[in-house]
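A.B. asks: Before anything else, here's the structure in question.
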Amino acid sequence: MASSHVALLALFTFQLAATLSQGLAVVDNEKDALTLLKIKEQFGNPAALGPWRNGTDHCIWWIGAECDEHRRVIYLAFRGRMNITSTLPPAIGELDRLQAITIVDMPGLSGPIPDTFGDLSCLSTLNIVRTSVSGAIPASLSRATSLASINLSRNKLSGSIPRSLGQGLPRLVYFNAANNYLVGAIPARLVRGGTANSPAALTLSNNRLTGKIPWTYAVENNLIQLWVANNRLVGDASFLFGRRKAMVYMDLSGNKLRFNLTGVEMPDGLWELNLARNRIYGRVPATLRQSKVVALDLSYNELCGEIPTGGQMVRFEAAAYVHNQCLCGTPLPSC
Numbered sequence: 014m015a016s017s018h019v020a021l022l023a024l025f026t027f028q029l030a031a032t033l034s035q036g037l038a039v040v041d042n043e044k045d046a047l048t049l050l051k052i053k054e055q056f057g058n059p060a061a062l063g064p065w066r067n068g069t070d071h072c073i074w075w076i077g078a079e080c081d082e083h084r085r086v087i088y089l090a091f092r093g094r095m096n097i098t099s100t101l102p103p104a105i106g107e108l109d110r111l112q113a114i115t116i117v118d119m120p121g122l123s124g125p126i127p128d129t130f131g132d133l134s135c136l137s138t139l140n141i142v143r144t145s146v147s148g149a150i151p152a153s154l155s156r157a158t159s160l161a162s163i164n165l166s167r168n169k170l171s172g173s174i175p176r177s178l179g180q181g182l183p184r185l186v187y188f189n190a191a192n193n194y195l196v197g198a199i200p201a202r203l204v205r206g207g208t209a210n211s212p213a214a215l216t217l218s219n220n221r222l223t224g225k226i227p228w229t230y231a232v233e234n235n236l237i238q239l240w241v242a243n244n245r246l247v248g249d250a251s252f253l254f255g256r257r258k259a260m261v262y263m264d265l266s267g268n269k270l271r272f273n274l275t276g277v278e279m280p281d282g283l284w285e286l287n288l289a290r291n292r293i294y295g296r297v298p299a300t301l302r303q304s305k306v307v308a309l310d311l312s313y314n315e316l317c318g319e320i321p322t323g324g325q326m327v328r329f330e331a332a333a334y335v336h337n338q339c340l341c342g343t344p345l346p347s348c
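The sequence shown stops at residue 348 when you use the working numbering, and every number in between is there.
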């Protein structure tokens with residue numbers, strides 16, 4: 014008799030838990046739909062979001078929103094054809110299962126990135142590209158600890174890059190904030206070396222960044238791309254070189270970097286190297302001959318001496334070497 018009571022109690026408990034779970038799922042689904050309506054309102058009720066209305070299925074008919082199998086909103090996408098003129102809705106931060114945000118080609122979108130985006134604990138991808146979004150990159154993003162990829166390129170962002178992003182986002186392997194108005198230093202370990210299947214990349218070109226490139230990027234074994242062209246960076250960047258480095262694309266052009274290039278070793282997988290318009294001195298390194306580099310620009314520096322010949326050197330034309338202190342030899346005039 015006692016065992017039957019235990020069995021009945023277990024069955025009742027299971028059914029109650031299932032009922033509560035279903036009830037919570039319904040509540041969450043309703044909450045997501047209500048949050049989307051709030052987002053629509055904060056966008057200014059644009060015509061492009063006309064299908065977002067009560068009485069329709071938000072997982073099927075609401076353009077720009079996608080759901081998972083539990084009918085929770087996991088993806089938002091707003092693109093230029095929507096022609097939305099507004100600021101970014103803070104209510105987006107209330108979609109607690111959101112995994113990805115893509116906002117692209119929307120010049121009418123302005124104002125700051127809401128601090129509430131930091132509340133999105135499931136968010137792994139954040140793309141805000143080619144908009145008029147301005148203000149600082151919010152430090153609150155460091156609370157969204159699932160972030161692995163951030164692309165904030167071609168906006169009107171200003172201020173410094175929060176150090177907390179490098180400290181609080183252990184999964185971040187891709188960060189792109191090129192073509193903004195950012196100032197200050199590059200945070201150490203802003204991106205972390207991922208696995209061989211998930212290499213790291215950092216792109217900060219065309220800003221107003223100052224200071225030195227942090228030496229910590231020399232120990233990121235899977236950093237394959239570093240583009241920091243056209244900033245105001247100074248100092249020695251020779252630590253980025255070395256045969257065992259994973260670097261494939263390196264663009265340090267248009268800065269005030271100063272170091273001796275003579276003895277650096279090219280990373281085994283390096284394809285593109287742009288060091289133009291700096292204050293780099295010494296000779297063209299002989300290790301270029303055995304490298305895999307196919308695109309090279311060393312122009313507008315302080316290099317001197319005879320250019321090595323043989324191997325990969327036949328690929329590079331005079332434009333790769335012009336406006337240096339005293340370089341000579343093929344493809345420049347002979348010594």
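Think of the CB as a built atom: it goes at the ideal place given N, C-alpha and C, for glycine as much as any other residue.
Any idea what DSSP makes of W284, helix, strand or coil?
C.D. replies: Your numbering for residue 284 matches position 271 in the sequence shown. The answer is coil: DSSP assigns W284 none of H, G, I, E or B.
A.B. asks: Quick check on E79: does DSSP put it in helix, strand or coil?
C.D. replies: If you number the sequence shown from 1, residue 79 lands on position 66. Three-state DSSP puts E79 in a strand.
A.B. asks: Which two residues bound the contiguous beta strand (DSSP E) that contains R92?
C.D. replies: Position 79 of the sequence shown, counted from the first residue, corresponds to residue 92. Where R92 is concerned, the enclosing beta strand (DSSP E) stretches over 86-92.
A.B. asks: Measure the alpha-carbon distance for L37 versus V196 and round it to whole angstroms.
C.D. replies: To locate residue 37, count along the sequence shown from 1; it is residue 24. To locate residue 196, count along the sequence shown from 1; it is residue 183. Bear in mind that a pLDDT of 39 at L37, under 50, signals an unreliable position, so the number given afterwards is only what the model happens to contain. Their Cα atoms are separated by approximately 46 Å.
A.B. asks: Going by the DSSP bridge assignment, what does L239 pair with across the sheet?
C.D. replies: The residue you call residue 239 lines up with position 226 of the sequence shown. In the DSSP output, where bridge partners are listed per residue, L239 has L215, M263.
A.B. asks: Short of 8 Å in beta carbon distance, which residues of its chain neighbour A191, apart from the five on each side in sequence? Order them along the chain.
C.D. replies: Position 178 of the sequence shown, counted from the first residue, corresponds to residue 191. The residues are S166, R167, T216, L217, S218, N219, N220, W240.
A.B. asks: Going by beta-carbon coordinates alone, are R184 and L160 separated by less than 9 Å?
C.D. replies: Stepping through the sequence shown from its first residue, residue 184 is reached at position 171. Stepping through the sequence shown from its first residue, residue 160 is reached at position 147. Contact flag set, yes.
A.B. asks: Output yes or no for whether 9 Å exceeds the beta carbon distance between L270 and L246.
C.D. replies: For the purposes of this step, residue 270 is taken as the residue at position 257 of the sequence shown. For the purposes of this step, residue 246 is taken as the residue at position 233 of the sequence shown. Yes, Cβ-Cβ distance for L270 and L246 is below 9 Å.
A.B. asks: Measure the alpha-carbon distance for F56 versus V146 and round it to whole angstroms.
C.D. replies: The sequence position of residue 56 within the sequence shown is 43, counting from 1. The sequence position of residue 146 within the sequence shown is 133, counting from 1. One C-alpha to the other measures close to 14 Å.
A.B. asks: Note down, in chain order, each residue of its chain lying with its Cβ closer than 7 Å to the Cβ of E278, except the 5 sequence neighbours on either side.
C.D. replies: Sequence index remark: in the sequence shown, residue 278 carries index 265 (1-based). Within the same chain, E278 has close Cβ partners F254, G255, R256, T300.
A.B. asks: Using 10 angstroms around the beta-carbon of A30, count the other beta-carbons present and answer buried if the total reaches 16, otherwise exposed.
C.D. replies: Within the sequence shown, the letter at position 17 stands for residue 30. Bear in mind that a pLDDT of 41 at A30, under 50, signals an unreliable position, so the model cannot answer this.
A.B. asks: Check R202 in the structure and name its three-state DSSP category.
C.D. replies: In the sequence shown, the residue the question calls residue 202 occupies position 189. If DSSP states are grouped into helix, strand and coil, R202 belongs with coil.
A.B. asks: Below 8 Å, can you find three or more Cβ-Cβ pairs linking the region 63-74 to the region 87-106?
C.D. replies: No contact exists between the region 63-74 and the region 87-106.
A.B. asks: By DSSP's criteria, P119 is part of a beta bridge. Which residues make up the other side?
C.D. replies: Within the sequence shown, residue 119 is the residue found at index 106, counting from 1. According to the sequence provided, residue 119 is Met. The question's Pro does not apply to it. T144.
A.B. asks: Let me know the alpha helix (DSSP H) ranges lying completely inside the region 314-344, each 4 residues or longer, listed in chain order.
C.D. replies: Counting only runs of 4 or more, we get nothing.
A.B. asks: For W228, which residues in the same chain have their Cβ closer than 6 Å to its Cβ, ignoring the five residues on either side in sequence?
C.D. replies: Translated into positions along the sequence shown, residue 228 becomes position 215. Correct list, in chain order: F252.
A.B. asks: In terms of residue numbering, what span does the alpha helix (DSSP H) encompassing S177 cover?
C.D. replies: Residue numbering aside, residue 177 sits at position 164 when the sequence shown is read from its first letter. From DSSP, the alpha helix (DSSP H) with S177 extends over 176-181.
A.B. asks: Check T223 in the structure and name its three-state DSSP category.
C.D. replies: Translated into the one-based positions of the sequence shown, residue 223 becomes position 210. Note: T223 maps to strand in three-state DSSP.
A.B. asks: Can you tell me the Cβ-Cβ gap for V321 and V297, rounded? I've got them flagged as a contact below 8 Å.
C.D. replies: Taking the sequence shown and counting its residues from 1, the one referred to as residue 321 is at position 308. Taking the sequence shown and counting its residues from 1, the one referred to as residue 297 is at position 284. Reading off the sequence shown, one finds Pro at residue 321, where the question assumed Val. 6 Å between Cβ atoms; contact.
A.B. asks: Report the partner residues of G295 according to the DSSP bridge assignment.
C.D. replies: Taking the first residue of the sequence shown as 1, we reach residue 295 at position 282. Answer is L316.
A.B. asks: Using the three-state DSSP reduction, which class does L37 fall into: helix, strand or coil?
C.D. replies: For the purposes of this step, residue 37 is taken as residue 24 along the sequence shown, with counting starting at 1. With a pLDDT of only 39 at L37, under the threshold of 50, the placement of this residue in the model should not be trusted; the figure read from the coordinates follows. Helix.
A.B. asks: Tell me whether N58 is buried or exposed, calling it buried when 16 or more other Cβ atoms sit within 10 Å of its Cβ.
C.D. replies: The residue labelled residue 58 in the question sits at position 45 within the sequence shown. It counts as exposed.
A.B. asks: Pull up the distance between the alpha-carbon of R156 and that of A289, whole angstroms please.
C.D. replies: Looking up residue 156 in the sequence shown gives position 143. Looking up residue 289 in the sequence shown gives position 276. Straight-line Cα distance between these residues: approximately 38 Å.
A.B. asks: Drop a sphere of 10 angstroms on the beta-carbon of N210, count the other beta-carbons inside from all chains shown, and report buried for 16 or more, exposed for fewer.
C.D. replies: By 1-based counting over the sequence shown, the position of residue 210 is 197. Label assigned to N210: exposed.
A.B. asks: Below 7 Å CB to CB, which residues in the same chain sit around L316 once its five sequence neighbours on both sides are set aside?
C.D. replies: Taking the sequence shown and counting its residues from 1, one reaches residue 316 at position 303. L274, I293, Y294, G295, R296, V297, N337, Q338, L340.
A.B. asks: Counting only beta-carbon separations shorter than 9 Å, does N140 have a partner in chain D?
C.D. replies: Chain labels in this structure do not include chain D; a single protein chain is all it has.
A.B. asks: Starting from R290, trace the beta strand (DSSP E) both ways and give me its first and last residue.
C.D. replies: Sequence index remark: in the sequence shown, residue 290 carries index 277 (1-based). No beta strand (DSSP E) holds R290; DSSP gives it neither H nor E.
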